[in-house]
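Going letter by letter, the sequence shown gives residues 1 to 68 in UniProt numbering.
Ideal Cβ placement from N, Cα and C applies to all residues, glycine included.
Bear in mind the structure is a predicted one, so any value in this text is a computation, not a measurement.
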Amino acid sequence: MEKTLNVQGMSCGHCKMSVEGALNNLDGVSTAEVNLEAGKVDVTFDESKVNVDTMKEAVEEQGYDVNT
């Protein structure tokens with residue numbers, strides 16, 4: 001399953017690494033790719049292992065706001 005998250009507050013390479021790292025650490029997430037210019041994160045995941053709310057929490061724990 002693929003989902004695009006709208007993430008506010010990402011502005012640099014460190015932001016990109018923080019968000020991608022937080023998502024990739026979740027069981028069930030196979031890829032997370034940040035587009036800084038668009039403020040979006042494309043996530044490919046196994047919906048039997050992880051859901052959007054869990055991914056949203058992981059990103060928010062890094063200090064960013066998620067609008068789904």
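- Identify every run of the alpha helix (DSSP H) within the stretch 32-62, keeping only runs that are complete inside it and at least 4 residues long; order them along the chain. 52-61
- Would you say residue 4 and residue 42 are within 8 Å of each other, going by their C-beta atoms? One-based indexing of the sequence shown puts residue 4 at position 4. One-based indexing of the sequence shown puts residue 42 at position 42. Against a cut-off of 8 Å, the Cβ pair of residue 42 and residue 4 comes out as a contact.
- Task: Let me know if residue 32 comes out buried or exposed under the rule of 16 or more other beta-carbons within 10 Å of its beta-carbon.
- Result: The residue you call residue 32 lines up with position 32 of the sequence shown. It counts as buried.
- Helix, strand or coil for residue 23 per DSSP? Taking the first residue of the sequence shown as 1, we reach residue 23 at position 23. Residue state, collapsed to three classes: helix.
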